[in-house]
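Right, one structure below, let's go through it.
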Amino acid sequence: MGGSPSSSSVVILPLCLTFFLAIFLERSVGVVSGLEYSKDKQPSGLTLERIQKHSNKINKPTVMTIESPDGDIIDCIDKWKQPTFDHPLLKNHKLQVHKVYSKRFSG
């Protein structure tokens, strides 16, 4: 009785080892939800320049800024200057607004 391991310890030991090995590998490789990253790697100057150029291109001047009750800041822009209309296929697109007529029913 003293020399044979119980069946529960035979199952639990490999599971624990697998769990700790998975944690160790995840932290050493740096894989988070399928994406690899490195804490030491910084984007190159060219990449930062491209990001800044794209950010300047899509940012539009705000008409009004609203702060929601939970602290979110919402910037409103003119409906004719929406970034959607910057797409090449939507250049010179006419924004069409349908009028809504209210019908009154008399009873």
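Throughout the sequence shown, residue numbering follows mature numbering (1 follows the signal peptide of the UniProt record, and there is no 0), covering -34 to -1, 1 to 73 in sequence.
For glycine and all other residues, C-beta sits at the position ideal for the given N, C-alpha and C.
These numbers were taken from a predicted model, which means no experiment stands behind them.
Please look up how many angstroms separate the CB atoms of V29 and D52, rounded, as I've assumed it's under 8 Å.
About 17 Å; that fails the 8 Å criterion.
Collapsed DSSP secondary structure at V52 in the structure displayed
Residue identity differs from the one stated: residue 52 is Asp in this sequence, not Val. Correct three-state label for D52: helix.
Answer yes or no: do I32 and P49 have a C-beta to C-beta separation smaller than 8 Å?
no
Output the boundary residues of the alpha helix (DSSP H) element that contains T31.
Taken as a continuous stretch (DSSP letters only), T31 belongs to no alpha helix (DSSP H), being part of the beta strand (DSSP E) at 30 to 33.
Residue-chain proximity (T(-17), chain C), Cβ-Cβ < 8 Å:
Structure shown: chain C not included; a single protein chain is present.
Does DSSP put I39 in a helix, in a strand, or in coil?
strand
Cβ atoms of K60 and K26: under 8 Å apart, would you say?
no
Helix, strand or coil: which one does DSSP assign to Q8?
coil
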